[in-house]
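See structure below.
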Amino acid sequence: MAEFTLPKNSVLTQGQTYQAPEGATQVRRFEVYRWDPDTGENPRIDVFELDMEHCGPMVLDAILQIKNSIDSSLAFRRSCREGVCGSCAMNINGKNTLACTKAIDDYPGTIKIFPLPHLQVVKDLVPDMTHFYAQYASIEPWIETQTPAPADSERLQSKE
Numbered sequence: 000m001a002e003f004t005l006p007k008n009s010v011l012t013q014g015q016t017y018q019a020p021e022g023a024t025q026v027r028r029f030e031v032y033r034w035d036p037d038t039g040e041n042p043r044i045d046v047f048e049l050d051m052e053h054c055g056p057m058v059l060d061a062i063l064q065i066k067n068s069i070d071s072s073l074a075f076r077r078s079c080r081e082g083v084c085g086s087c088a089m090n091i092n093g094k095n096t097l098a099c100t101k102a103i104d105d106y107p108g109t110i111k112i113f114p115l116p117h118l119q120v121v122k123d124l125v126p127d128m129t130h131f132y133a134q135y136a137s138i139e140p141w142i143e144t145q146t147p148a149p150a151d152s153e154r155l156q157s158k159e
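Residue numbering for the sequence shown follows numbering that gives the first Met the number 0, starting at 0 and increasing by one per position.
This is the structure in structure tokens:
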């Protein structure tokens, strides 16, 4: 498990267990960190058993399956599904990684999914990106030109 800071005055507890459907033959077990600040309850670990016959090959596919079929209240970030944007970054079996690029088959046994350990949690697997975006803006990652933009056209890049 990843070392991360729990919300103030809280203890990690065991949550609900959602069994795989009857007759499922390819069952995988996922332990997912859950916390909703609006309820005032302690964070918990919910256990989801998924039939892999109805799930895609990546960890993000399993999380989407959980949200779409079992518990629609599960909160997480995702966007490109191609390992480019970093939205689905989370801690999977103790390593910070992108859920969209990690195959379920890469992990033997139970897969443990936690939020990123170095960021505060907004809800469930959603990290608070406020500090990140403040740092990003402070370095001004854009080009500033000395000439005004053309009034009736867009600024084109040179070939150099």
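We treat Cβ as the ideally placed atom computed from N, Cα and C, and that holds for glycine.
Values in this document were obtained by computation on a predicted structure and should not be read as measured data.
Residue i: first and last residue of the uninterrupted beta strand (DSSP E) it sits in
{"i": "T12", "result": "12–17"}
{"i": "F75", "result": "Counting along the chain, F75 falls outside any beta strand (DSSP E), and DSSP gives it neither H nor E."}
{"i": "D151", "result": "First-last for D151: undefined, no H or E at that position."}
{"i": "M89", "result": "88–91"}
{"i": "V31", "result": "26–33"}
{"i": "E48", "result": "43–50"}
{"i": "V168", "result": "There is no way to answer for residue 168, as the model of the chain reaches only from 0 to 159."}
Contacts around residue i, its chain only, beta-carbon distance under 8 Å, and the 5 residues preceding and following it disregarded
{"i": "E52", "result": "A23, T24, Q25"}
Nearest-angstrom Cβ-Cβ length linking residue i and residue j, presumed shorter than 8 Å
{"i": "T16", "j": "V46", "result": "4 Å"}
{"i": "Q64", "j": "C54", "result": "5 Å"}
{"i": "P114", "j": "N90", "result": "7 Å"}
{"i": "C99", "j": "R77", "result": "7 Å"}
Neighbour-count burial assignment, residue i, 16 or more Cβ in a 10 Å radius
{"i": "I142", "result": "exposed"}
{"i": "F131", "result": "exposed"}
{"i": "V120", "result": "buried"}
{"i": "R27", "result": "buried"}
{"i": "A61", "result": "buried"}
{"i": "K94", "result": "exposed"}
Close beta carbons around residue i, own chain, < 7 Å, minus the five adjacent residues each side
{"i": "L97", "result": "G82, G85, C87, A88"}
{"i": "Q13", "result": "R43, I44"}
{"i": "V10", "result": "N41"}
Residue i: first and last residue of the uninterrupted alpha helix (DSSP H) it sits in
{"i": "A97", "result": "The question names Ala, yet the displayed sequence has Leu at residue 97. Segment 94–97 is the beta strand (DSSP E) holding L97; no alpha helix (DSSP H) there."}
{"i": "V58", "result": "58–64"}
{"i": "F113", "result": "Premise fails: F113 lies in the beta strand (DSSP E), 110–113, not in any alpha helix (DSSP H)."}
{"i": "A136", "result": "129–137"}
Residue i and residue j closer than 8 Å at C-beta
{"i": "P56", "j": "W34", "result": "no"}
{"i": "L49", "j": "D123", "result": "no"}
{"i": "N92", "j": "I103", "result": "no"}
{"i": "I112", "j": "Y32", "result": "yes"}
Neighbourhood of residue i by C-beta distance below 6 Å, restricted to the same chain and skipping five residues each side
{"i": "R154", "result": "A148"}
{"i": "Q134", "result": "none"}
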